[in-house]
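To keep things clear, I will list the structure first and then write my remarks on it.
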Amino acid sequence: MPLRIVFMGTAELASASLRALLASPDFIVAAVVTQPDRRAGRDLKPQASPVKNIAVESSLPVFQPEKARDPEFIPQLAALAPDLIVVAAYGQILPQSILDLPRFGCVNVHASLLPKYRGAAPIQWAILNGDPETGVTIMKISAGLDAGDILTQEATAIGPEETTGELHHRLALLGAQLLVRTLPGYTAGTIPPTPQDNAAATHARKITKEDGRIDWTLPAAALRNRIRAFTPWPGAYADLTIRDKARLVKFWRATVEPVQGHPGQILRADRSGIVIACGSDALRMEQLQIEGGRKMTAAEFLSGHPI
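Quick note on our numbering: the sequence shown kicks off at 1 and runs consecutively.
Next up, the structure:
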């Protein structure tokens, strides 16, 4: 008999998991829980989450409580009688009253190899720290932040040029595939939960826009990882002097060059890139975007914004 599932997710990372559950005959998705519509865009109109859009396309009931712990929401969830609640990038910590509701508990899709990078931004921190690999974890949800027992994991190498946006897409698909492979074995009792090693846990705090500001005293290799980690958001950016005026510029792609100079000094600017000295070595900026403009190659940038 198919498992009756309530899916809780909001961000794009969760979309692949919801689609995988809908496509499998092993599961019935009874309803979707997602965050309330938020105002976004230049006109600040309310925008549905990516997960809500899929639910509406699939004619699924949608619940959007402001807080998952809202007293009026818990009975609504209980009335759905789920065997299991699947959570992926939902954006809220679930109360114990929800964790205890399904007979098989709640399971989460997390984009790291737990216990490493518990928290909101595991993909960005893996790239920021220069890790050679990361992966996805299917875990039981407990009261702690991403501290529940592990069901399955799958690792993947991080490409040397890979950005958060690119890795995010790969991990979303990897997590969805691992999820639908894991749930039947877990509910049948053939995949036993394994406690995490809390002593090895690290935290991946939420990224803020200010994290993107470049500190030129850092080594070039570290700043290159920063550019990759913060692409597409919030971007890695700094002020450059253009026509004797400081302008905010976002950097999309860069290569390390073994040359030295005073941190922040522009050493060369030509069609191949704008070379800026760092704490050690330098970065050749190959793709840039001036505030209010479009993303350009270095050659395009310099033709309109001479340095």
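For every residue, glycine included, the Cβ atom is placed at its ideal position computed from N, Cα and C.
Item                                                                                                                                                                          : Value
With H, G and I counted as helix, E and B as strand and the rest as coil, what does DSSP make of Trp252?                                                                      : strand
Suppose contacts are defined by Cβ-Cβ distances below 8 Å. Is Tyr117 in contact with Ala204 by that definition?                                                               : yes
Taking all protein chains shown into account, do 16 or more other C-beta atoms lie within 10 angstroms of the C-beta of Leu44, making it buried, or fewer, making it exposed? : exposed
Going by DSSP, what residues sit across from Arg247 in a beta bridge?                                                                                                         : Leu240
On the three-state DSSP scale, how would you describe Leu174?                                                                                                                 : helix
What residue from Ala277, Ala157, Gly304 has the CA that sits closest to Pro219's CA?                                                                                         : Ala277
Between which residues of its own chain and Leu248 is the CB-CB distance below 7 Å, once the five residues before and five after are set aside?                               : Tyr237, Asp239, Glu291
Looking at Glu286: is its Cβ nearer than 8 Å to the Cβ of Ala298?                                                                                                             : yes
Pick helix, strand or coil for Ala55, following the three-state DSSP scheme.                                                                                                  : helix
Below 8 Å, can you find three or more Cβ-Cβ pairs linking the segment 64 to 84 to the segment 155 to 171?                                                                     : no
Let me know if Met1 comes out buried or exposed under the rule of 16 or more other beta-carbons within 10 Å of its beta-carbon.                                               : exposed
Using only CA atoms, which one of Leu101, Ala89, Glu166, Asp100 lies nearest to Thr137?                                                                                       : Ala89
Taking Leu99 as the reference, which of Ala120, Gly119, Ile74 has the closest Cα?                                                                                             : Ile74
What does the alpha-carbon distance come out to for the pair Gly91 and Asn108?                                                                                                : 12 Å
Could you check if Ala262 is buried or exposed, using at least 16 other CB atoms within 10 Å of its CB as the buried criterion?                                               : What sits at residue 262 in the sequence shown is His, not Ala. Looking at its Cβ environment, which holds fewer than 16 other Cβ atoms inside 10 Å, His262 is exposed.
Rounded to whole angstroms, what is the Cα-Cα separation between Ile150 and Ile141?                                                                                           : 9 Å
Only counting the same chain, and skipping five residues up and downstream in sequence, which positions put a Cβ closer than 7 Å to that of Ala111?                           : Leu13, Pro122, Ile123, Val136, Leu171, Gly175
Could you check the C-alpha separation between Arg38 and Leu101 for me, to the nearest Å?                                                                                     : 28 Å
Name, in chain order, the residues that DSSP records as bridge partners for His203.                                                                                           : Arg118
Going by the DSSP bridge assignment, what does Pro46 pair with across the sheet?                                                                                              : Arg39
DSSP has His110 in a bridge; who is on the other side?                                                                                                                        : Thr137
Among all the DSSP beta bridges, which residues are the ones paired with Glu154?                                                                                              : Val136
Do you know whose CA, among Ala143, Gln196, Pro132, Gly119, lies nearest Gly105's CA?                                                                                         : Ala143
Go to Ala20, then tell me how far its alpha helix (DSSP H) extends in each direction, as first and last residue.                                                              : 15 to 23
Starting from the N-terminal side, write out each stretch of the beta strand (DSSP E) that is 3 residues or longer and does not extend beyond the segment 252 to 284.         : 266 to 270, 273 to 277
Please report how far the alpha carbon of Ala31 lies from the alpha carbon of Leu178, in whole angstroms.                                                                     : 21 Å
Helix, strand or coil for Gly384, going by three-state DSSP, please let me know.                                                                                              : Because the chain in this structure spans residues 1 to 307, residue 384 falls outside the shown range and cannot be described.
Take Asp281 as the anchor and find which of Leu267, Gln289, Gly293, Leu288 has the nearest alpha-carbon.                                                                      : Leu267
Assign Arg294 to one of three DSSP states: helix, strand, or coil.                                                                                                            : coil
When the Cα of Gly212 is compared with those of Phe230, Ala222, Leu145, which residue comes out closest?                                                                      : Phe230
To the nearest angstrom, how far is it from the Cα of Arg253 to the Cα of Arg103?                                                                                             : 48 Å
Thinking Gln64 and Pro36 are a contact (beta carbons under 8 Å), I'd like their distance in whole angstroms, please.                                                          : 5 Å
Taking the DSSP output, what are the residues bridged to Gly91?                                                                                                               : None; Gly91 has no bridge partner.
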